[in-house]
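FYI, the numbering for the sequence shown is 18 to 483, going by this note's numbering.
Encoded as structure tokens, the structure appears first; notes follow it.
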Amino acid sequence: MIEYMEYVLRQFERTTSWDRDYSYENITATSDNLLQFEIPDSLNLQISNQSTPNTFNTFELSNRNIINGSLSYLYTDCGQLDKIVQNSLKVPLQQRVDTYQCVRPGRVLETSFRSQMLLYGRMYWPGSILEAMYCKRLTPQSQLVLKGLLSAAGESNILTLYWQRNAPWGSQDVVFCTNELLLGYRLLHNLSQGRAHEGPSLHSQSTLSLGAEFWLGISNLLPGCSTALRYCTHATNTGKPITLTLSLNPLFGHISSSYSVKFSPGTTFCSKYDFNVYSIESNLSFGCEFWKSSAAAHGQTASAAETSMEVANGTSVADPRYCGSAPSLRSFDQLRPFAELPPDNQLYHQLMMPNAANSLIDNVNLPFPSPLLRYPTEKSVIDKFADMIDATQFTSVLKLSSSLRDKNLRLLWEGKYKGFLVSAGAELTTIPFEAPKTINEISAQQVPRSLWLRPAKFGIQIQYST
Numbered sequence: 018m019i020e021y022m023e024y025v026l027r028q029f030e031r032t033t034s035w036d037r038d039y040s041y042e043n044i045t046a047t048s049d050n051l052l053q054f055e056i057p058d059s060l061n062l063q064i065s066n067q068s069t070p071n072t073f074n075t076f077e078l079s080n081r082n083i084i085n086g087s088l089s090y091l092y093t094d095c096g097q098l099d100k101i102v103q104n105s106l107k108v109p110l111q112q113r114v115d116t117y118q119c120v121r122p123g124r125v126l127e128t129s130f131r132s133q134m135l136l137y138g139r140m141y142w143p144g145s146i147l148e149a150m151y152c153k154r155l156t157p158q159s160q161l162v163l164k165g166l167l168s169a170a171g172e173s174n175i176l177t178l179y180w181q182r183n184a185p186w187g188s189q190d191v192v193f194c195t196n197e198l199l200l201g202y203r204l205l206h207n208l209s210q211g212r213a214h215e216g217p218s219l220h221s222q223s224t225l226s227l228g229a230e231f232w233l234g235i236s237n238l239l240p241g242c243s244t245a246l247r248y249c250t251h252a253t254n255t256g257k258p259i260t261l262t263l264s265l266n267p268l269f270g271h272i273s274s275s276y277s278v279k280f281s282p283g284t285t286f287c288s289k290y291d292f293n294v295y296s297i298e299s300n301l302s303f304g305c306e307f308w309k310s311s312a313a314a315h316g317q318t319a320s321a322a323e324t325s326m327e328v329a330n331g332t333s334v335a336d337p338r339y340c341g342s343a344p345s346l347r348s349f350d351q352l353r354p355f356a357e358l359p360p361d362n363q364l365y366h367q368l369m370m371p372n373a374a375n376s377l378i379d380n381v382n383l384p385f386p387s388p389l390l391r392y393p394t395e396k397s398v399i400d401k402f403a404d405m406i407d408a409t410q411f412t413s414v415l416k417l418s419s420s421l422r423d424k425n426l427r428l429l430w431e432g433k434y435k436g437f438l439v440s441a442g443a444e445l446t447t448i449p450f451e452a453p454k455t456i457n458e459i460s461a462q463q464v465p466r467s468l469w470l471r472p473a474k475f476g477i478q479i480q481y482s483t
């Protein structure tokens with residue numbers, strides 16, 4: 018479950034027209050949300066409040082090994098943020114759960130820009146650790162972010178500076194961290210933005226993004242790099258979104274590919290294959306989501322689904338080509354442009370045949386039928402499927418993921434209960450109790466495993482905000 022402060026930060030980005038999907042940091046966000054979702058490992062309680070239109074605070078209490086907690090505070094001068102930030106009773110569940118990311122092409126930059134800022138601070142106890150963040154929008158396409166982690170003992174004081182640029186063509190990040198003097202550069206370029214360059218027939222709802230990152234530890238001169246490719250598209254006959262990713266780390270020889278698809282507004286599936294060219298080791302992971310909607314919204318969703326299928330089958334009443342009251346195409350006025358054709362043209366003889374008008378129109382469109390005729394229907398199906406997801410009032414979601422190499426089963430239930438946001442989950446594994454709690458991948462394969470699954474981690478998180 019997304020914490021309240023993270024939710025406010027994402028709403029701040031949405032208000033200021035900052036698209037987090039077009040960032041290399043989030044290029045594999047869909048597969049990560051479906052396969053590597055976070056499971057609570059203790060009893061956690063969070064109470065949040067919007068004290069003023071510009072200030073937000075959160076109090077957290079948990080029993081992870083010992084009783085600990087934190088106090089968070091956030092301030093922003095964004096004037097419209099208080100209108101879109103909702104409490105736990107009214108907020109849609111989709112906005113508080115990390116799930117399938119529908120990447121929309123053709124982002125439009127805001128016409129009127131006003132420099133806005135955000136301040137965030139969080140104090141952990143016991144331990145006296147302070148976490149802070151400062152975000153300042155410099156231009157409509159760039160911002161400056163400063164993050165810090167300070168300890169009262171002075172053992173781990175880390176400062177990280179980000180200069181980020183977010184544009185319709187892609188994004189750029191320049192990162193500098195005081196920990197080992199780490200310097201990094203991240204780039205994401207959108208090769209296909211889904212724009213109509215020469216008319217609606219060439220319009221596409223697909224996006225192809227290619228990115229890379231480069232890191233260098235100045236103090237120890239250790240390099241690091243990776244590259245990734247993401248392709249997001251839709252099934253033209255049903256409007257279902259599909260995401261494919263391919264990532265490569267050449268230094269460690271790691272290759273990863275994933276396939277994610279949203280079969281329906283309430284069902285999502287993801288598969289991921291990992292392979293290492295140096296050790297010849299591989300792994301196959303699966304994950305899925307099952308969303309449950311309220312009974313009141315179920316009828317509306319079913320009606321929208323029927324309308325979407327009618328459009329998908331080309332029999333929607335909104336399409337005059339298939340409507341019984343459509344005007345007849347067999348009139349001389351509509352065939353007048355073809356009346357002066359020479360007799361040796363095959364279209365001339367088809368004018369005298371039954372259903373000549375329909376046959377004529379089909380033959381005229383033979384060189385370019387696909388984009389011109391299918392575009393309105395395809396775009397309508399895609400838009401209706403997306404609207405169906407946004408309009409559905411979901412009450413809970415069940416997440417499951419498993420890995421062939423790890424031989425585990427991860428379960429997470431997130432939902433709303435009487436104004437509370439509840440997240441409960443567990444991880445079942447075959448590693449015995451007597452195994453070390455901190456083992457790497459090599460030693461994990463040498464530990465004898467049982468045929469029965471046992472709970473390795475479980476917990477529950479409760480959030481409430483006003």
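Note that beta-carbon positions come from the ideal geometry of N, C-alpha and C, so glycine has one too.
Rounded straight-line distance, which links the Cα of residue 65 to that of residue 21
Near 7 Å, if we compare the C-alpha coordinates of residue 65 and residue 21.
When DSSP labels each residue in this structure, what does residue 398 get in the three-state scheme?
In this structure, residue 398 counts as helix in the three-state DSSP scheme.
Option in 425, 429, 309 and 105 with minimal Cα separation from residue 412:
Among 425, 429, 309 and 105, the Cα nearest to that of residue 412 is on 309.
Output needed for residue 260: all residues of its chain with C-beta closer than 6 Å, excluding positions within five of it in sequence on either side, in chain order.
Answer for residue 260: 47, 249 and 277, listed in chain order.
DSSP beta-bridge partners of residue 95
Partner residues in a beta bridge of residue 95, as assigned by DSSP, do not exist.
Quick check: the Cα distance between residue 417 and residue 133, rounded to an integer number of angstroms?
Answer to the nearest angstrom: the Cα atoms are 39 Å apart.
Please name the residue in 311, 94 and 227 whose C-alpha comes closest to that of residue 208.
The shortest Cα separation from residue 208 among 311, 94 and 227 belongs to 227.
Cβ-based burial, residue 294 [other Cβ within 10 Å; buried from 16]:
When all chains shown are included, residue 294 counts as exposed.
For residue 60, which residues of its own chain have a beta-carbon under 7 Å away from its beta-carbon, when the five flanking residues on both sides are left out?
Listed in chain order, the non-local C-beta contacts of residue 60 below 7 Å within the same chain comprise 79, 80, 476 and 477, local neighbours out to five positions each way being set aside.
Buried or exposed, going by whether 16 or more other CB atoms sit within 10 Å of the CB of residue 431?
Label assigned to residue 431: buried.
Quickly, what does DSSP pair residue 242 with across the bridge? List them, please.
Looking at the DSSP assignment, residue 242 forms a beta bridge with 231.
Just mark residue 382 as buried or exposed, buried being the case when its beta carbon has 16 or more other beta carbons within 10 Å.
Bear in mind that the predicted position of residue 382 carries a pLDDT of just 46, short of 50, making it unreliable; the figure below should be weighed with that in mind. Label assigned to residue 382: exposed.
Extent of the continuous beta strand (DSSP E) run through residue 291:
That run of the beta strand (DSSP E) goes 284-293.
Using the Cα positions of residue 258 and residue 247, report the straight-line distance between them to the nearest angstrom.
So the alpha carbons of these two residues sit roughly 13 Å apart.
Roughly how many whole angstroms lie between the Cα atoms of residue 445 and residue 473?
Residue 445 and residue 473 have their C-alpha atoms some 6 Å from each other.
I'd like to know whether the C-beta atoms of residue 112 and residue 24 end up nearer to each other than 8 Å.
A contact, by the Cβ cut-off of 8 Å.
Any 3 or more C-beta pairs closer than 8 Å across the region 170-188 and the region 31-43:
A contact is defined here as three or more CB-CB pairs under 8 Å, and the region 170-188 meets this definition with respect to the region 31-43.
Is residue 230 buried or exposed, if buried means 16 or more other CB atoms sit within 10 Å of its CB?
Buried, by the Cβ-count rule.
Ignore the nearest five residues each way along the sequence and tell me which others in residue 345's own chain have a CB closer than 7 Å to its CB.
Legend: pLDDT at residue 345 = 39, less than 50; position of this residue unreliable, value from coordinates given subsequently. Contacts found: none.
Would you grab the beta carbon distance between residue 83 and residue 256 for me? Rounded to a whole angstrom, and I think it's under 8 Å.
In this structure, residue 83 and residue 256 do not form a Cβ contact; the two beta carbons are roughly 50 Å apart against a cut-off of 8 Å.
Bridge partner(s) assigned by DSSP for residue 181
The bridge partners DSSP lists for residue 181 are 160 and 190.
Of the listed residues 180, 269 and 150, nearest to residue 159 (C-alpha basis):
For the options 180, 269 and 150, the alpha carbon positioned closest to that of residue 159 is the one of 180.
Suppose contacts are defined by Cβ-Cβ distances below 8 Å. Is residue 420 in contact with residue 300 by that definition?
Yes, the pair counts as a contact, with Cβ atoms nearer than the cut-off.
Anticipated Cβ contact below 8 Å, residue 307 with residue 415, distance rounded
Confirmed, about 5 Å.
Three-state secondary structure assigned by DSSP to residue 215
Confidence is the limiting factor: at residue 215 the pLDDT is only 40, short of 50, which leaves the residue's position unreliable, though a coordinate-based value still follows. In the structure shown, residue 215 sits in coil (DSSP, three-state: anything other than H, G, I, E or B).
Given residue 173, which residues of its chain have a CB within under 7 Å of its CB, disregarding the five upstream and five downstream residues?
Here the set comprises 166.
For residue 104, I'd like the list of residues in its chain whose CB is within less than 6 Å of its CB, leaving aside the five on either flank, ordered along the chain.
Within the same chain, residue 104 has close Cβ partners 482 and 483.
Can you tell which of 206, 296 and 91 has its C-alpha closest to the C-alpha of residue 67?
The residue from 206, 296 and 91 with its alpha-carbon nearest to that of residue 67 is 91.
Near residue 437, which residues of its chain fall below 8 Å by C-beta distance, leaving aside the five closest residues on each side in sequence?
For residue 437, the CB contacts under 8 Å within the same chain, skipping 5 residues up- and downstream, are 105, 479, 480 and 481 in chain order.
How big is the Cα-Cα spacing for residue 70 and residue 26?
Each residue's CA atom was taken as its position, placing residue 70 and residue 26 some 14 Å apart.
Three-way DSSP call (helix, strand, coil) for residue 19 in this model:
In the three-state reduction of the DSSP assignment, residue 19 falls in the coil class.
Round the Cβ separation of residue 140 and residue 88 to the nearest angstrom and send it over; I've been treating them as touching at under 8 Å.
Here residue 140 really is in contact with residue 88; their C-beta atoms are around 5 Å apart, less than 8 Å.
Is DSSP giving residue 27 helix, strand or coil here?
Per DSSP, reduced to three states, the secondary structure at residue 27 is helical.
Candidates 237, 149, 291 and 130, of which the one nearest residue 33 by Cα
Nearest of 237, 149, 291 and 130 to residue 33, Cα basis: 130.
Using only the alpha-carbon positions, how far apart do residue 224 and residue 288 sit?
One C-alpha to the other measures close to 20 Å.
Quick one: what does DSSP say residue 51 is sitting in, helix, strand or coil?
DSSP, reduced to helix, strand and coil, places residue 51 within a helical segment of the structure shown.
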